[in-house]
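Report on the structure given below.
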Amino acid sequence: MKITKLTTFIVPPRWCFLKVETDEGVTGWGEPVVEGRAHTVAAAVEELSDYLIGKDPRNIEDIWTVLYRGGFYRGGAIHMSALAGIDQALWDIKGKALGVSVSDLLGGQVRDKIRVYSWIGGDRPADTARAAKEAVARGFTAVKMNGTEELQFLDTFEKVDLALANVAAVRDAVGPNVGIGVDFHGRVHKPMAKVLMKELDPYKLMFIEEPVLSENYEALKELAPLTSTPIALGERLFSRWDFKRVLSEGYVDIIQPDASHAGGITETRKIANMAEAYDVALALHCPLGPIALAACLQLDAVCYNAFIQEQSLGIHYNESNDLLDYIKDPRVFDYDKGFVKIPNGPGLGIEINEEYVIERAAIGHRWRNPIWRHADGSFAEW
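Be aware that the sequence shown starts at 1, since it is given in the UniProt record's numbering, and climbs by one per residue.
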């Protein structure tokens with residue numbers, strides 16, 4: 001079997017899909033994207049395709065190694081996301097060629113379903129209590145919300161009180177037994193994180209996500225002792241080598257690599273296994289499309305330390321298209337009582353509606369995250 005063609009599709013609301021074709025008629029799909037940099041990642045896929053044409057797609061480990069190591073410069077969001085989408089498509093091809101799921105190829109399932117959470121609110125926390133109640137009414141047993149608006153290095157207690165009031169309203173709305181993740185989204189610098197993490201403890205959160213940016217990881221040495229709430233991060237880390245320090249120093253309880261950013265199924269599985277050795281939980285990042293979610297679920301099926309899965313159904317970014325629009329049978333993502341079943345069809349377990357992908361790719365997107373500024377005019381982290 002030989003790879004004959006790679007085609008990328010920029011589709012709404014903010015995704016990039018990849019189709020990999022072979023000379024035996026078996027095709028695979030991946031989702032290589034960085035939110036707001038979809039066209040850049042598509043260009044990186046095209047550059048990497050020079051090596052791929054004519055190669056046997058079933059030699060996944062060797063292809064991954066060459067695409068990672070063979071260009072001299074390596075790592076980072078664009079390179080690893082392009083590699084991720086290619087890797088997903090190769091696993092999809094191999095599974096389809098053999099008539100088995102990716103999780104079967106990876107050794108078989110340790111679970112047949114996984115708990116999922118629903119995003120509530122938008123970029124700025126507002127009316128999250130109502131959204132949380134609606135999510136619980138739809139069967140979700142866990143939700144995640146942005147914790148704050150923009151914060152200066154040192155900001156007012158008025159903003160702290162507002163953040164606490166939003167979380168308190170959600171907790172009151174859903175009761176004591178629904179999991180609540182609070183995402184600081186990298187908007188919070190160390191001085192304010194000290195305040196917020198201590199003040200949030202009484203609300204018994206499921207986790208606090210990205211209490212500081214990953215590049216400021218050393219701050220967690222001071223922050224972790226201030227709270228009993230589990231700390232999660234990792235969506236902006238892209239390889240084993242990025243996670244090595246995070247795991248070895250021991251201040252993180254949950255890692256959140258993204259299978260469309262962190263080198264695909266091959267690399268994300270290795271990251272997850274590293275975390276298991278440190279008794280750290282796995283909650284894969286995935287505010288993306290159906291191919292990315294399918295790849296994550298195949299990993300959740302085989303990673304013992306996976307405990308919950310992010311998914312984008314109804315997320316505030318999905319304005320023109322939603323998670324289920326691009327697959328032929330939406331029932332493959334079977335949501336029930338706060339869980340989603342692992343797709344068990346061949347490959348990634350989903351069938352892409354290629355005609356609709358082509359139709360929507362004609363429209364495409366130029367999604368960009370907002371640019372925020374503080375009251376003094378300086379840039380504010382989104």
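We put the beta carbon where it would ideally sit given N, CA and C, even for glycine.
Reference residue i; option with closest CA among the options
i    : options                : result
K96  : K133, T27, Q298, K19   : T27
N146 : A165, P330, V182       : V182
S228 : C303, H365, M197       : M197
G344 : A38, G108, R14         : Here the sequence assigns Asn to residue 344, which means Gly is not the residue at that position. When only C-alpha atoms are compared, the closest one is G108.
E351 : I363, W367, A362, R331 : R331
I271 : Q311, L237, Y326       : L237
A292 : C16, I10, M1, V41      : C16
R138 : E319, R366, P346, G338 : G338
E209 : I180, R366, R240       : I180
R245 : K221, I114, I265       : K221
Short Cβ contact (9 Å threshold) for residue i with residue j
i    : j    : result
R187 : L162 : no
P12  : N321 : yes
I6   : L67  : Note on identity: in this sequence residue 6 is Leu, with Ile being the wrong assignment. No. Outside cutoff.
P32  : L83  : yes
V136 : W119 : no
Y251 : A224 : yes
T8   : K19  : yes
A42  : R14  : no
A281 : Q309 : no
A259 : I10  : no
V174 : A132 : yes
W64  : E267 : yes
P230 : M192 : no
D325 : Y356 : yes
H285 : E235 : yes
Through-space distance from residue j to residue i, alpha-carbon basis
i    : j    : result
P287 : R111 : 22 Å
A44  : S81  : 9 Å
L247 : V340 : 28 Å
N216 : Q256 : 16 Å
G125 : C296 : First, the residue type needs correcting, since residue 125 is Pro and not Gly in the sequence shown. Computed Cα separation, rounded: 27 Å.
D87  : A375 : 44 Å
K328 : D242 : 36 Å
W382 : K94  : 39 Å
D201 : I254 : 17 Å
G263 : K2   : 22 Å
D123 : D56  : 43 Å
K204 : T22  : 51 Å
Rounded distance between the beta-carbons of residue j and residue i, thought under 8 Å
i    : j    : result
L233 : R269 : The pair is not a contact, with the Cβ atoms about 19 Å apart (cut-off 8 Å).
V116 : F140 : 7 Å
L348 : A294 : 4 Å
Inset, instruction - Count the C-beta pairs between the stretch 162 to 173 and the stretch 99 to 116 that are closer than 8 Å, then say yes if the count reaches three, no if not. - result: no
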